[in-house]
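Beneath this line is the structure, given in structure tokens, with notes to follow.
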Amino acid sequence: MVVTGSPASKTAATTLHALQTGYRHIDTAGVYRNEHGVIAASTQFLTLNPTIPRSSLFISTKFAPHLKGYKAATNAIAQSLSHFRNPLALDDPRLNLPATRPNGVDSSGWPKDPVFDTPRTEDDGLGYIDLYLIHAPSGTLEERNGAWKAMVEAQQRGEIKHLGVSNYGVRHLRELHEFIIHEESEGRPGGKIEVWQGEIHPWLSRHDVRAFCEEFGIVIQAYSPLVRGQKWGDPLLKEIVERTGKTEAQILVRWSLQMGFVPLPKSEKNDRITENADVFDFNLTEEEVKRLDTGKYEPCTQWDPTVWTH
867 MVVTGSPASK
877 TAATTLHALQ
887 TGYRHIDTAG
897 VYRNEHGVIA
907 ASTQFLTLNP
917 TIPRSSLFIS
927 TKFAPHLKGY
937 KAATNAIAQS
947 LSHFRNPLAL
957 DDPRLNLPAT
967 RPNGVDSSGW
977 PKDPVFDTPR
987 TEDDGLGYID
997 LYLIHAPSGT
1007 LEERNGAWKA
1017 MVEAQQRGEI
1027 KHLGVSNYGV
1037 RHLRELHEFI
1047 IHEESEGRPG
1057 GKIEVWQGEI
1067 HPWLSRHDVR
1077 AFCEEFGIVI
1087 QAYSPLVRGQ
1097 KWGDPLLKEI
1107 VERTGKTEAQ
1117 ILVRWSLQMG
1127 FVPLPKSEKN
1137 DRITENADVF
1147 DFNLTEEEVK
1157 RLDTGKYEPC
1167 TQWDPTVWTH
């Protein structure tokens, strides 16, 4: 489940319900300004369920698009790690604070944090970041490679478990792949692109990215799998709704799963969160899966960094 655009206090309540419903992967980002809420809820969930291990949760966050380069990424990772290791209680009033101070930035350009300006190193709280992604292919190639280098170093220190990128096009992926090969040829750890995250659904199939990910064993995470509800009533969906008795949202999540993607639906409503998870008692036919793979280019977010050319 992804938690874009929600304040930390609302995110905390939403995340806790999702975890209690059975979700185990929560996706946040530095730019969403709600890491604190996700981590507060995740920590509380583990406290309430002592038989569920920390390793069963998978919390991802991202390096913000407006930040660039090695130093900024190093500082951003340290700040996120501080959040992961210093969880707030669900009733902590600081969850209602804005996530940045007005005009407050450090030397890297990363906004100062109203809760923890100085990262601590104690291994408590959630302890580590499960997945860290570059949010978008912004900046120069050198800056993108510098950010990746900082991520690899954090992984080597055990602060991050898995690495990936978000909103990268095939050109960006190939450039990063070449950088990884270069680093390893020089005797330095290059890391591995383990996850690609981006908008992907029946009306934005991304055959080129899918082919690259299949070639290199990269997991595909699909955000906006529900197309923001813009395709409700579409003839392709209507027929399957009538056959299965399931909702459009459930059909789209199911399609994503049967395509081998990791769907990241978003909702702030508890009933919708529960509905989106109720997708394991039916299957789409092979023909339905193929028909929904339309090959069209119709992004619902109106933001597609995969086509950026810098």
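Take the sequence shown: its letters are residues 867 to 1176, numbered as in my numbering. We put the beta carbon where it would ideally sit given N, CA and C, even for glycine.
Output the boundary residues of the beta strand (DSSP E) element that contains residue i.
| i | result |
| --- | --- |
| I1086 | V1085 to Y1089 |
| K1027 | I1026 to S1032 |
| S926 | F924 to F929 |
| E1052 | E1052 -> no beta strand (DSSP E), and no H or E assigned at all. |
| E1065 | V1061 to E1065 |
| V1128 | V1128 to L1130 |
Can you give the beta carbon distance from residue i to residue j, rounded, assuming they're within the 8 Å contact cut?
| i | j | result |
| --- | --- | --- |
| I925 | D996 | 5 Å |
| A1013 | A939 | 4 Å |
| G1056 | I1046 | 4 Å |
| V1128 | H891 | 7 Å |
| E1114 | L1103 | 5 Å |
| G903 | L961 | 6 Å |
| H949 | E901 | 5 Å |
| K1015 | Y889 | Contact flag wrong, Cβ pair sits at about 32 Å. |
| V897 | T881 | 17 Å between Cβ atoms; not a contact. |
State the DSSP-derived secondary structure class of residue i, mapped to helix, strand or coil.
| i | result |
| --- | --- |
| D893 | strand |
| D1100 | coil |
| A938 | helix |
| L1150 | coil |
| L992 | coil |
| I1000 | strand |
| V869 | coil |
| L1070 | strand |
| A878 | helix |
| R1037 | helix |
| Q886 | helix |
| P953 | coil |
| H1176 | coil |
| N962 | helix |
| H902 | helix |
| S948 | helix |
| D1159 | coil |
| L933 | coil |
| S1133 | coil |
Along the chain, where does the alpha helix (DSSP H) that runs through residue i open and close?
| i | result |
| --- | --- |
| E1164 | Looking at the DSSP string, E1164 is not in any alpha helix (DSSP H), and its letter there is neither H nor E. |
| I1092 | Note that residue 1092 corresponds to Leu in the displayed sequence, not to Ile. Neither: L1092 is in no alpha helix (DSSP H) and is coded neither H nor E. |
| I918 | Unbroken run through I918: none, as it is neither H nor E. |
| W1121 | E1114 to Q1124 |
| D1074 | H1073 to F1082 |
| K1058 | First-last for K1058: undefined, no H or E at that position. |
| E1141 | N1136 to A1143 |
| G1012 | L1007 to Q1022 |
What's the C-alpha gap between residue i and residue j?
| i | j | result |
| --- | --- | --- |
| I1086 | G1064 | 8 Å |
| R899 | P1131 | 19 Å |
| T1175 | H1043 | 17 Å |
| L1158 | D958 | 45 Å |
| N952 | Q945 | 10 Å |
| V1145 | E1108 | 16 Å |
| K1027 | G991 | 16 Å |
| S921 | Y994 | 10 Å |
| F1078 | W1169 | 21 Å |
| G1030 | A955 | 29 Å |
| E1105 | S1090 | 22 Å |
| T877 | S1051 | 43 Å |
| S1004 | K934 | 7 Å |
| L912 | L923 | 9 Å |
| D893 | K1058 | 20 Å |
| L1118 | I943 | 33 Å |
| N1033 | D1074 | 13 Å |
| T1160 | E1153 | 12 Å |
| W1121 | V1061 | 19 Å |
| G1053 | N1149 | 47 Å |
| E1049 | G1111 | 52 Å |
| E1134 | I1000 | 25 Å |
| N1136 | P1101 | 28 Å |
| P1081 | G1126 | Looking at the sequence itself, residue 1081 is Glu, so the reference to Pro does not match. One C-alpha to the other measures close to 14 Å. |
| G1099 | Q1116 | 14 Å |
Is residue i close to chain B? Criterion is C-beta to C-beta, closer than 8 Å.
| i | result |
| --- | --- |
| H1043 | Looking at the structure shown, chain B is missing, and only one protein chain is on hand. |
(Q) Closer than 8 Å is the cut-off here; do at least three beta carbon pairs connect the segment 929-942 with the segment 883-893? (A) no
(Q) With three or more beta-carbon pairs closer than 8 Å as the criterion, would you say the segment 1161-1168 touches the segment 1064-1078? (A) yes
Q | Inter-stretch contact (C-beta, 8 Å, three-pair minimum) for the segment 1008-1024 and the segment 907-916 | A | no
Q | the segment 1087-1102 / the segment 1037-1046 touching (three or more Cβ pairs under 8 Å) | A | no
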